[in-house]
Every structure is written in C-alpha cells, then in structure tokens.
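**Student:** First the structure, then my questions, so here it is.
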Amino acid sequence: MSEDRPIEYWLTDMDGVLVHEEVPIPGASEFLEALRSSGRPFLVLTNNSIFTPRDLRSRLLASGIDVPEGAIWTSALATAQFLADQRPEGRAYVVGEAGLTTALHDIGYVLTDRDPDYVVLGETRTYSFEAITKAIRLIDDGARFIATNPDPSGPSQQGKLPATGSVAALISTATGRTPYFIGKPNPLMMRSALNRLDAHSESAVMVGDRMDTDIISGLEAGLRTVLVTTGSTRREQVETFPYRPTRVVDSVADLVAVARGGAF
7 MSEDRPIEYW LTDMDGVLVH EEVPIPGASE FLEALRSSGR PFLVLTNNSI
57 FTPRDLRSRL LASGIDVPEG AIWTSALATA QFLADQRPEG RAYVVGEAGL
107 TTALHDIGYV LTDRDPDYVV LGETRTYSFE AITKAIRLID DGARFIATNP
157 DPSGPSQQGK LPATGSVAAL ISTATGRTPY FIGKPNPLMM RSALNRLDAH
207 SESAVMVGDR MDTDIISGLE AGLRTVLVTT GSTRREQVET FPYRPTRVVD
257 SVADLVAVAR GGAF
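In this text, residue positions in the sequence shown follow my numbering: the first is 7, and each later residue adds one.
In structure tokens form, the structure reads like this:
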C-alpha cells in the first residue's frame with residue numbers, strides 16, 4: 007500500500023482519540039474543523055451501542071466537540087446493516103438500549119421474544135438477569151447469536167464496568183454458542199463505514215488509540231492506520247504487537263495539517 011496515495015476519506019475512533027471520558031483531547035476540535043474545511047468525508051466510529059448518533063452528537067457537543075449526527079457510525083448501526091443484508095425485515099430479541107433498538111427498528115426489524123431469528127446483545131448499564139436468562143433460552147431454542155462488540159469492559163467515573171463481551175461470555179458459557187461480533191476488531195465495522203462513505207480502502211485512513219481493535223481492524227480492511235497515544239496503547243507497547251500502524255503520533259493535534267490536505 008503506497009503511503010503517498012492521497013487521503014480522501016477519514017475514519018476515526020471516538021474515545022481515546024477525540025475525548026477521554028467526556029473530556030476533550032487537545033487538538034480534537036481543530037482536527038475535525040480541518041476535515042470539515044477540507045471537504046473530505048469522515049466518520050467517527052465507536053463500539054458503544056448504548057447511544058444513538060443524535061445522543062452521541064449531544065454528548066460530544068457538551069465536551070466542546072462538534073460532530074454532525076450523520077458522521078457518527080456505531081456498532082449498533084453496523085449490526086443493523088449486517089442484519090438487514092443477511093435477513094431483511096427479520097425478528098430479534100434485543101438485550102441493549104436505545105442505540106441498538108432504534109437502529110433495528112429503522113431497518114424494519116420486529117423486536118420480540120417470540121421465535122426470533124436472532125438474539126442481539128448490546129451494551130447496557132442495566133443488565134437484567136431475566137433478560138439474560140431469556141436470551142439463553144432463545145439461543146438454546148435455535149436463535150442465532152449476534153453481539154455488537156467484544157469489549158469486555160468499559161470505563162466510568164467510579165471505575166471499570168462490565169460490557170458486551172463479558173455478558174456474551176456468560177451467555178456463551180451457558181449455551182455453548184459463541185456470538186458473531188460485529189464491532190471492532192471485526193474489519194466488517196470498517197468496511198460498513200467505508201460503504202457508508204462510498205469510499206475505497208486505498209484512499210482512506212483509520213485513526214485509533216488501540217492496537218488490538220482500531221489498528222488491527224483498519225489493517226485487515228486494507229486501510230492505512232494511525233495510532234494516537236492519548237488512549238489505551240502506549241508508544242512503547244507498539245513493538246510488542248506482530249503488526250504495525252502506518253504512523254504513530256502523540257495525538258490528533260499532529261494530524262491537523264494532514265487533515266487539511268497536507269502530505270501523509
């Protein structure tokens with residue numbers, strides 16, 4: 007892959023790249039403004055399936071980050087797109103919140119616990135023993151098992167929270183069935199985002215803070231990748247992985263000139 011090829015499309019992670027627990031990362035606003043002023047299409051990606059793009063836009067605005075609603079791509083939207091392609095107008099039992107249920111409603115899915123085609127597991131802050139038990143029994147009865155992302159935990163101001171991957175492991179242990187995970191590091195998340203932009207991988211770049219999700223999924227989808235060190239992966243950890251990003255920078259502040267159309 008030529009590094010000299012112009013970058014026409016940008017994908018960027020949200021947490022650890024633009025914000026850190028709702029605190030804006032220095033340079034994030036300038037980076038996004040450079041993308042807007044250059045006219046280059048971009049999407050902000052997140053594995054979080056709790057919120058709708060409208061919700062996330064509002065939360066980012068409260069942090070001083072302005073991202074259009076249409077430029078936000080979540081694992082819930084990617085999951086909905088996958089199900090619409092696989093089994094249009096199907097039926098699903100959902101364990102999740104508004105970001106996921108809204109995305110499935112919007113593609114014409116019926117949400118039900120009666121003979122669903124799929125059990126779809128997403129992130130929620132109120133996991134119910136009753137809902138998890140229902141999901142286990144429906145999977146035992148033949149429903150296909152889908153999960154929005156494999157993240158085992160998420161941050162909060164009080165500390166670590168169990169996330170979709172942890173609950174998926176519980177259900178898998180009970181049923182003997184593993185889910186198909188849609189979100190990062192599945193490159194399907196990247197390809198669905200590229201399709202939304204009508205973009206080609208060779209003219210796109212993925213910016214992320216995690217080698218084991220953002221960078222590997224971007225690489226496997228054929229994109230150039232940039233690791234920022236404002237999130238999970240530290241610069242000294244990069245060499246411990248069997249793959250490398252195209253670039254490593256301190257933060258998105260270092261990408262402002264490139265976002266304006268400068269050399270990569």
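All C-beta atoms in this analysis are idealised placements derived from N, C-alpha and C, irrespective of residue type, glycine included.
Please read all numbers here as calculations on a predicted model, not as lab measurements.
Rank 202, 232, 116 by C-alpha distance to the C-alpha of residue 254 and give the top, closest one.
**Tutor:** Of 202, 232, 116, the residue nearest in Cα terms is 232.
**Student:** Who does residue 151 pair with in a DSSP beta bridge?
**Tutor:** Its beta-bridge partners are 125.
**Student:** Using a Cβ-Cβ cutoff of less than 6 Å, which residues in the same chain neighbour residue 79 once the five nearest sequence positions on both sides are dropped?
**Tutor:** Taken in chain order, the residues that qualify are 49, 51, 199.
**Student:** Determine the closest residue to residue 216 out of 146, 206, 28, 242, with distance taken between C-alpha atoms.
**Tutor:** Residue 242 is the option with its Cα nearest to residue 216.
**Student:** By the DSSP assignment, the alpha helix (DSSP H) with residue 197 in it spans what residues?
**Tutor:** Run containing residue 197: 193-203, per the alpha helix (DSSP H) assignment.
**Student:** Buried or exposed for residue 8, going by 16 or more other Cβ atoms inside 10 Å?
**Tutor:** In this prediction, residue 8 has a pLDDT of 48, which is less than 50 and means its spatial position is unreliable; nothing more can be read from the coordinates.
**Student:** Among the candidates 171, 155, 170, 182, whose CA atom is the shortest distance from the CA of residue 194?
**Tutor:** Checked all of 171, 155, 170, 182; the closest Cα to residue 194 is 155.
**Student:** Is residue 145 helix, strand or coil when you go by DSSP?
**Tutor:** Of the three classes helix, strand and coil, the one that applies to residue 145 here is helix, per DSSP.
**Student:** Is the beta carbon of residue 110 sitting closer than 7 Å to the one on residue 98?
**Tutor:** Going by C-beta atoms, residue 110 is nearer than 7 Å to residue 98.
**Student:** Assign residue 103 to one of two classes, buried (16 or more other C-beta atoms within 10 Å of its C-beta) or exposed (fewer than that).
**Tutor:** That one is buried.
**Student:** What is the DSSP secondary structure of residue 23, counted as helix, strand or coil?
**Tutor:** Coil.
**Student:** Look at the alpha carbon of residue 151 and the alpha carbon of residue 141, and state the distance between them as a whole number of angstroms.
**Tutor:** One C-alpha to the other measures close to 9 Å.
**Student:** Kindly identify the DSSP beta-bridge partner or partners of residue 48.
**Tutor:** According to DSSP, residue 48 bridges with 16.
**Student:** Considering only residues of the same chain and omitting the five flanking positions on each side of residue 35, which have a CB-CB separation below 8 Å?
**Tutor:** Closer than 8 Å at the Cβ level, and outside the excluded window around residue 35, lie 70, 71, 72.
**Student:** Decide if the segment 170-185 is in contact with the segment 204-222; the criterion is three or more beta carbon pairs, one per stretch, under 8 Å apart.
**Tutor:** Contact fails: fewer than three Cβ-Cβ distances are below 8 Å.
**Student:** Would you mind stating whether residue 258 and residue 33 have Cβ atoms separated by less than 7 Å?
**Tutor:** It is a contact, given that the beta carbons lie within the stated cut-off.
**Student:** Beta strand (DSSP E) containing residue 231: first to last residue?
**Tutor:** Its beta strand (DSSP E) spans residues 230-234.
**Student:** Let me confirm a value: residue 84 is counted as buried when at least 16 other C-beta atoms fall within 10 Å, else exposed. Which label applies?
**Tutor:** So residue 84 ends up on the buried side.
**Student:** So what does DSSP say about residue 259, is it helix, strand or coil?
**Tutor:** Helix, per DSSP.
**Student:** Leaving out five residues before and five after residue 222 in sequence, what residues of the same chain have Cβ atoms less than 7 Å from its Cβ?
**Tutor:** Cβ neighbours of residue 222 beyond the five flanking positions: 191, 249.
**Student:** What's the gap between the Cα of residue 251 and the Cα of residue 261?
**Tutor:** If I take the Cα positions, the gap works out to 15 Å.
**Student:** Give me the Cα-Cα distance between residue 88 and residue 185, rounded to the nearest whole angstrom.
**Tutor:** Their backbone Cα atoms lie some 14 Å apart in a straight line.
**Student:** To the nearest angstrom, how far is it from the Cα of residue 197 to the Cα of residue 227?
**Tutor:** Their Cα atoms are separated by approximately 6 Å.
**Student:** By Cβ distance below 6 Å, which residues in the same chain neighbour residue 47 in space, the five residues on each side in sequence not counted?
**Tutor:** Here the set comprises 15, 203.
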